[in-house]
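My numbering runs 4 ahead of the 1-based position in the sequence shown.
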Amino acid sequence: MAGLVQEAEIKIIFTALKIEGNTLEGKKKVAEQLGISLATLYNKLKGQRGKV
Numbered sequence: 005m006a007g008l009v010q011e012a013e014i015k016i017i018f019t020a021l022k023i024e025g026n027t028l029e030g031k032k033k034v035a036e037q038l039g040i041s042l043a044t045l046y047n048k049l050k051g052q053r054g055k056v
């Protein structure tokens with residue numbers, strides 16, 4: 005179950021990044037929209053390149 009939640013979370017993050025852009029400013033906006041810090045966003049993205 006936790007894996008499904010993480011997968012959904014990553015899909016939401018990647019969708020938001022497509023909308024806001026993959027720049028630092030885009031990442032800041034996504035983190036703010038999701039109510040998480042930029043560091044947390046980076047931690048969630050760590051190791052996810054190419055998986056979604």
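Note that beta-carbon positions come from the ideal geometry of N, C-alpha and C, so glycine has one too.
If you draw a straight line from the alpha carbon of residue i to that of residue j, how long is it in whole angstroms?
i: E36; j: Q10; result: 19 Å
i: K22; j: A12; result: 15 Å
i: A43; j: M5; result: 25 Å
i: A20; j: K50; result: 16 Å
i: I52; j: Y46; result: For clarity, residue 52 is Gln in the given sequence; the question names Ile instead. Each residue's alpha carbon lies about 10 Å from the other.
If I'm right that residue i touches residue j with Cβ under 8 Å, what's the distance once you round it to whole angstroms?
i: K48; j: I14; result: 7 Å
In three-state terms, what does DSSP make of residue i?
i: I40; result: coil
i: G51; result: coil
Just to confirm the assignment, what range does the alpha helix (DSSP H) spanning residue i have?
i: G7; result: A6 to E24
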